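Data block below; observations after.
Residue numbers (the working numbering): 26 to 178.
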């Protein structure tokens, strides 16, 4: 690795960290950069997850410290997310690099569009009561989020 490559990676890493703290989406910088510097897509994806795992552990600690963490509810959603992530990861490693790159490109464009247009702000606040139908819906949604997380994130 050249000195220029090292500083480019360092700069992109700092920029991605800043973006993740402010709005999320730092992977839009780090994944292409890792692939650009020669890592196969699956390796770049796995490498990117190390930083994401550290970031998520810090976020859990921060939520817990601030009192916004409900262990029972969080566990109920973590289980389907974990199962979905296993499905997504197995799917990701089963694909040839060319196919993975095409899917990754489309997903990154969709994520970029979501970050720019912020469609979630137009939805408003949804129901806050944890009724049985809502819990069932959330379990399904978190399974799908897990698949996405296992595949790309």
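Think of the CB as a built atom: it goes at the ideal place given N, C-alpha and C, for glycine as much as any other residue. Computed from a predicted structure; not experimentally measured.
Where residue i falls: helix, strand or coil (DSSP)
i: residue 143; result: coil
i: residue 49; result: coil
i: residue 120; result: coil
i: residue 173; result: helix
i: residue 13; result: Because the chain spans 26 through 178 in this model, residue 13 falls outside it and cannot be assessed.
i: residue 65; result: coil
i: residue 94; result: coil
i: residue 156; result: coil
Residue i classed as buried or exposed, judged by whether at least 16 other C-beta atoms fall within 10 angstroms
i: residue 32; result: exposed
i: residue 117; result: buried
i: residue 184; result: Given a span of 26 to 178 for the chain in the structure shown, any question on residue 184 remains unanswerable.
i: residue 106; result: buried
i: residue 110; result: buried
i: residue 138; result: exposed
Residues near residue i in its chain [Cβ-Cβ closer than 8 angstroms; skip 5 each side]
i: residue 49; result: 140
Cβ-heavy atom distance, residue i to the ligand SAH, below 6 angstroms
i: residue 99; result: The ligand SAH is not part of the structure shown, which contains no ligands of any sort.
Among the options, nearest to residue i - alpha-carbon criterion
i: residue 42; options: 111, 27, 60 and 78; result: 78
i: residue 114; options: 135, 176 and 123; result: 176
i: residue 178; options: 75, 160, 93 and 96; result: 75
i: residue 84; options: 60, 58, 47 and 101; result: 47
i: residue 80; options: 63, 163, 101 and 45; result: 45
i: residue 30; options: 53, 62 and 57; result: 62
i: residue 119; options: 67, 72 and 138; result: 67
i: residue 102; options: 36, 35, 34 and 167; result: 167
i: residue 155; options: 87, 99, 91 and 35; result: 99
Cβ distance (whole Å) where residue i is taken to contact residue j below 8 angstroms
i: residue 171; j: residue 108; result: 6 angstroms
i: residue 38; j: residue 27; result: No, residue 38 and residue 27 are not in contact; Cβ-Cβ is about 16 angstroms, not under 8 angstroms.
Beta-carbon contacts of residue i that lie in its chain and below 7 angstroms, excluding the five residues immediately before and after
i: residue 128; result: none
i: residue 73; result: 52, 55, 56 and 59
i: residue 82; result: none
Beta-carbon contacts of residue i that lie in its chain and below 6 angstroms, excluding the five residues immediately before and after
i: residue 143; result: none
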